[in-house]
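For reference, the structure discussed in these notes is given below.
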Amino acid sequence: MDSLSSPLARAETPAPVGSSPRVEQKAVFVVTQINHIDRVHQLADQLGLTDVEVVIVFTKKNMSMPLRTQAAVDPRRGWRVRLHEIHVDANKLSLAAAERSYTNYQRLLDEVKPDKLLVCSYERHYALLLQAATERGIETVYFEEGTSVYKSRIKGYETFRDPDWKHSIFDIYNSVWADQPIFRFVFYPIYVALKQLYDTPRLVYRSVEKLYRSSAWQRRLLKRRFPAFLNSWTSFDEFYGAEPSLVEDHFSWKHSGKFLPQYVNEEEIDRAKAAIEAYDIDSNTAIFCSQPMSILPATIAPIMLQLLNGLTIRFGYRIAIKLHPREGSGAAAVYSKLLVSYGLDNIFILPPNLPAAEYLAIYSESPAVVSMSSSVLVYAPIHKPSLKAISVGDALLHELAKSKIKNQQTAQLKNYIRILDVIPHIEQYDPGEAHPSR
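Here it is, written out as structure tokens:
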């Protein structure tokens, strides 16, 4: 599909809509990871925010991320930065966990005292943060940091797939009763039966305790106490995204504005231009942005190369593969070996530590970006409307199903790909008759 026809493609010059913000307001951004910081810098500049504090939320499971995120905040801005620990079970379907998060965030807001709270997430414990802020009369602002906001357009989409009653009952049986002889035999020696009768009150107590803690029962409790924890927070004073109109049936706001990731870092541009020249990323070279999956590279790489070679046959492209840093050198070695084995000289691997794929695509003459469900498909063509955005997600899922590969991540990938259906300029690749020579 021609990306020029996309409503997203028309958002070439981001500009806030509505009344101008009061620059004297204290603005507090709440973020969790390093790639949020560029977005924070950009939105603060766009809205003219100068009195800023950045709160970095973290858990003990990953102690390095908050420090890396803190280091990414531009010290020249003179902003305050606070690290705020939350419990590792903050997203768990548990009334006790929700109460803990709510109290924790109340305390945080009382300490930082923002006039304006800016977040890029609105589910589970973030919904409780937003609830606490609203109760205190603090302005709430959502800013888009990726494609996840568009999942609200997908009927039946669930970010958190919590166990149902059936799962809870089986869990009680397996953890409390399964090993008890009274459940294994109908007729058993009287001694064992009497012992079981003696033990029954204890087992019943454990069953009731498990039932109370079950996800199904906790959902009932949360529905009464913290419905936002289950349903997410959907009402904001201000909402900034690539195309707010795409989600206006799910969210409400008083003011909205265009907000796009900007790829204008001069150092990154220079590095990108050097890489473009070094690896000859020209008007015939598409860029494939890979994503990490919990499937062995030896399993997924042949499938992916089959799909990519199909693209080279159909469109006549060379394809540069940009692996995700989390895929590591092992994945690069597998791909390199297979490329030689298959004789695919029109596909090559880019080295690690290059600028983001968006920089390579936007500042080169590359005709297309390819991925499974990466946000590069959404944002790069907005800045460069001549770029084709091609998802191989559906085709990959089809091939994985044929190979009987199905797990939690393939189910998650399917959801991510459905989000892309909302973005008009992204096309799904259908392999058709195109197959690699092997």
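To convert, take the position in the sequence shown, counting from 1, and add 609; that gives our numbering.
We put the beta carbon where it would ideally sit given N, CA and C, even for glycine.
Buried or exposed by the 16-neighbour rule on C-beta atoms within 10 Å, applied to Asp1003
Counting Cβ neighbours within 10 Å, Asp1003 comes out buried, since at least 16 surround it.
On the three-pair Cβ rule with 8 Å, is the stretch 985 to 993 touching the stretch 936 to 952?
By the Cβ criterion, the stretch 985 to 993 is not in contact with the stretch 936 to 952, since fewer than three pairs of Cβ atoms, one from each stretch, lie closer than 8 Å.
Apart from the five residues on each side of it in sequence, which residues of its chain come closer than 6 Å, Cβ to Cβ, to Asp698?
Around Asp698: Ala706.
State the Cα-Cα distance for the pair Ser892 and Phe845, rounded to the nearest angstrom.
Near 43 Å, if we compare the C-alpha coordinates of Phe845 and Ser892.
Coarse secondary structure for Leu726, derived from DSSP in three states:
DSSP places Leu726 in strand when its eight states are reduced to three.
What are the start and end residues of the beta strand (DSSP E) that includes Ala941?
Per DSSP, Ala941 belongs to no beta strand (DSSP E); it is in the alpha helix (DSSP H), Gly937 to Tyr951.
Going along the chain, which residues of its own chain have a beta-carbon closer than 8 Å to the beta-carbon of Tyr926, five neighbours each way excluded?
Residues of the same chain with a CB within less than 8 Å of the CB of Tyr926, apart from the 5 flanking positions on each side, are Asn893, Thr894, Ala895, Leu920, Asn955, Pro976 and Ala977 in chain order.
Answer with yes or no whether the minimum CB distance from Ala998 to chain C is below 8 Å.
The question asks about chain C, but that chain is absent: this structure has only one protein chain.
Give me the residue from Val639, Ala941, Gln1021 and Val856 with the minimum Cα distance to Phe735.
It should be pointed out that residue 735 corresponds to Tyr in this sequence rather than to Phe. The candidate whose alpha carbon is nearest that of Tyr735 is Val639.
Less than 8 Å separating the beta-carbons of Ala636 and Lys722?
Taking 8 Å as the Cβ cut-off, Ala636 and Lys722 do not qualify as a contacting pair.
Using a Cβ-Cβ cut-off of 6 Å (strictly less than) and excluding sequence neighbours within five positions of Val632, which residues of its own chain qualify?
Bear in mind that the predicted position of Val632 carries a pLDDT of just 47, short of 50, making it too unreliable to give a figure here.
Once you ignore the five residues that flank Ser983 on each side, which residues in its own chain have a CB closer than 7 Å to its CB?
Counting only Cβ-Cβ distances below 7 Å, and skipping sequence neighbours, we find Cys898 and Gln900.
Hey, how far is the Cα of Val661 from the Cα of His1034?
Distance between the alpha carbons of Val661 and His1034: 35 Å.
State the start and end residues of the unbroken beta strand (DSSP E) segment that holds Ile896.
Counting along the chain, the beta strand (DSSP E) containing Ile896 begins and ends at Thr894 to Cys898.
Quick check on DSSP: helix, strand or coil for Leu692?
In this structure, Leu692 counts as strand in the three-state DSSP scheme.
Hey, how far is the Cα of Asp771 from the Cα of Ile878?
Low local confidence applies: a pLDDT of 49 at Asp771 is under 50, so the model's placement there is unreliable, with the coordinate-based value given in what follows. Here the C-alpha atom of Asp771 lies approximately 43 Å from the C-alpha atom of Ile878.
Counting pairs of beta carbons, one from the stretch 848 to 868 and one from the stretch 941 to 948, are three or more of them closer than 8 Å?
The stretch 848 to 868 is not in contact with the stretch 941 to 948.
Quick one: complete beta strand (DSSP E) runs, 3+ long, within the stretch 844 to 910?
Listed in chain order, the beta strand (DSSP E) elements of length 3 or more contained wholly in the stretch 844 to 910 are 844 to 850, 861 to 867 and 894 to 898.
Contact check, Leu727 vs Phe752, beta carbons under 8 Å:
The answer is yes: Cβ separation under 8 Å.
Pull up the distance between the alpha-carbon of Tyr731 and that of Ala680, whole angstroms please.
If I take the Cα positions, the gap works out to 25 Å.
For Leu603, count the other beta carbons within 10 Å of its own beta carbon; 16 or more makes it buried, fewer makes it exposed. Which is it?
No statement about residue 603 is possible, as the shown extent of the chain runs from 610 to 1047 and does not include it.
Sub-8 Å separation of Ala940 and Phe957 beta-carbons
Taking 8 Å as the Cβ cut-off, Ala940 and Phe957 do not qualify as a contacting pair.
Which partner residues does Thr712 have in the DSSP bridge list?
Thr712 is not bridged to any residue.
If you run the structure through DSSP and keep just helix, strand and coil, what is Thr1019?
In this structure, Thr1019 counts as helix in the three-state DSSP scheme.
Cα-Cα separation between Glu720 and Arg691, rounded to whole angstroms:
Looking at the two C-alpha atoms, the distance is approximately 11 Å.
DSSP puts Phe957 in a beta bridge; with which residues?
Per DSSP, Ala929.
Could you check if His859 is buried or exposed, using at least 16 other CB atoms within 10 Å of its CB as the buried criterion?
So His859 counts as exposed.
In three-state DSSP terms, what is Glu974?
Taken through DSSP and simplified to helix, strand or coil, Glu974 comes out as coil.
Assuming the contact rule is C-beta atoms closer than 8 Å, Leu1005 and Leu916 should be a hit. Round their C-beta distance to whole Å, please.
Separation of the CB atoms of Leu1005 and Leu916 is rounded to 6 Å, and the pair is thereby assigned contact status at 8 Å.
Distance, Cα to Cα, Leu953 vs Ala741?
If you draw a straight line from the Cα of Leu953 to the Cα of Ala741, it is about 56 Å long.
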